[in-house]
Amino acid sequence: MTKPKRNQPKKARLIPLQDGPLLYENEVNPEGNVIYDWHGNEISCEEPVCLCRCGGSADKLFCDGTHVKIGFSGRKESDGSVNGGRDYAGKRITIHDNRYLCSHAGFCWRELPAVFRKEARPWIDPDAADPEDIIAVIEKCPSGALSYSIDGVEQKDPERKPAAIVAKDGPYCLVGGIEVVGCEPRAESVSTEHCCCCRCGSSKNKPFCDGSHDRIDFKDAKD
Ligand code: SF4
Ligand code: FES
Ligand code: FES
Numbered sequence: 110m111t112k113p114k115r116n117q118p119k120k121a122r123l124i125p126l127q128d129g130p131l132l133y134e135n136e137v138n139p140e141g142n143v144i145y146d147w148h149g150n151e152i153s154c155e156e157p158v159c160l161c162r163c164g165g166s167a168d169k170l171f172c173d174g175t176h177v178k179i180g181f182s183g184r185k186e187s188d189g190s191v192n193g194g195r196d197y198a199g200k201r202i203t204i205h206d207n208r209y210l211c212s213h214a215g216f217c218w219r220e221l222p223a224v225f226r227k228e229a230r231p232w233i234d235p236d237a238a239d240p241e242d243i244i245a246v247i248e249k250c251p252s253g254a255l256s257y258s259i260d261g262v263e264q265k266d267p268e269r270k271p272a273a274i275v276a277k278d279g280p281y282c283l284v285g286g287i288e289v290v291g292c293e294p295r296a297e298s299v300s301t302e303h304c305c306c307c308r309c310g311s312s313k314n315k316p317f318c319d320g321s322h323d324r325i326d327f328k329d330a331k332d
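Take a look at the structure:
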């Protein structure tokens, strides 16, 4: 791992390189640039590492230069800062939602289908469950698409050590306040602690995942 210079603050950050990979460096985590796969196994990286975000590398998770051959564009097509965000005010809790950040992990609609109703409009009913149960589900949301307020006070983010976790057939899920360079402050999201970054190359809200990996049926080679 590259050692930080004296007096320089340690960094945990992801740098989206123009029309290329995500450069990941994590000096804050005592274990360094560790990445966790979807089984929870550690993939140790000695140095800052280039992670594929075009979806085309034959050596996933790592960039093998394919982005050049396929003419990958890292351009953001949607303006998540001004659209996609909506509040659903209930009697005891207000749920905040930004569809442009949802990574389709599905914790919400699988665990509380009465509140998060895939087929209904509006799709969120904040009064259909106890706030404690809603909070427990929102705390599992990896992308920051969901958050909540009670009595006008926004949720506190969890405190976790910085780490990158790879979702099977999906995005890179960042926790622990890893900076996504060029995207701060994260106007799209209440959370500055966690977010999901696109790995398949098809998000319209790059560098963030917007769930498009489902639409294109993005697949990892390994289980
Ligand atoms: S990312 Fe969050 S909002 Fe999207 S499906 Fe998963 S839990 Fe629901
Ligand atoms: S970003 Fe380089 S191969 Fe995908
Ligand atoms: S990984 Fe989710 S949109 Fe690309």
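All residue numbers for the sequence shown refer to our numbering, where the first residue is 110 and numbers rise by one.
Note that the Cβ used here is the ideal one computed from N, Cα and C, for glycine as well.
Note that this is a predicted model, so its numbers are computed, not measured.
Please list, in chain order, all residues of the same chain as Gln264 whose beta carbon is under 6 Å from its beta carbon, the five residues on each side excluded.
Sequence index remark: in the sequence shown, residue 264 carries index 155 (1-based). Result list for Gln264: Ser256, Tyr257, in chain order.
For Gly215, is the classification buried or exposed, using 16 other Cβ atoms within 10 angstroms of its Cβ as the cut-off for buried?
Taking the sequence shown and counting its residues from 1, the one referred to as residue 215 is at position 106. It counts as exposed.
Candidates Ala273, Arg184, Glu302: which alpha carbon is nearest Gly310's?
Sequence index remark: in the sequence shown, residue 310 carries index 201 (1-based). Residue Arg184 is the option with its Cα nearest to Gly310.
Please report the Cβ distance between Pro251 and Cys305, rounded to the nearest whole angstrom; I am assuming they are in contact, meaning their Cβ atoms lie under 8 Å.
Along the sequence shown, read from residue 1 onward, the residue named residue 251 stands at position 142. Along the sequence shown, read from residue 1 onward, the residue named residue 305 stands at position 196. Between the beta-carbon of Pro251 and that of Cys305 there is about 6 Å, and that keeps the pair under the 8 Å contact cut.
Spatial neighbours of Leu131 in its chain, beta-carbon cut-off 6 Å, leaving aside the 5 residues before and after
Position 22 of the sequence shown, counted from the start, is the residue given in the question as residue 131. Leu123, Pro125, Leu160, Arg162.
Reduced DSSP category for Glu288 - H, G, I as helix; E, B as strand; rest coil:
Stepping through the sequence shown from its first residue, residue 288 is reached at position 179. Reduced to three states, the DSSP call for Glu288 is strand.
I need the straight-line Cα distance from Gly164 to Phe327, nearest angstrom please.
For the purposes of this step, residue 164 is identified with residue 55 of the sequence shown, where counting begins at 1. For the purposes of this step, residue 327 is identified with residue 218 of the sequence shown, where counting begins at 1. So the alpha carbons of these two residues sit roughly 8 Å apart.
Using a 10 Å radius around the Cβ and a threshold of 16 neighbouring Cβ atoms, would you call Val262 buried or exposed?
Against the sequence shown, residue 262 aligns to sequence position 153. Label assigned to Val262: exposed.
Given 8 Å, three or more beta-carbon pairs between the stretch 270–290 and the stretch 145–161:
Touching, yes, given that three or more Cβ pairs across the two stretches are closer than 8 Å.
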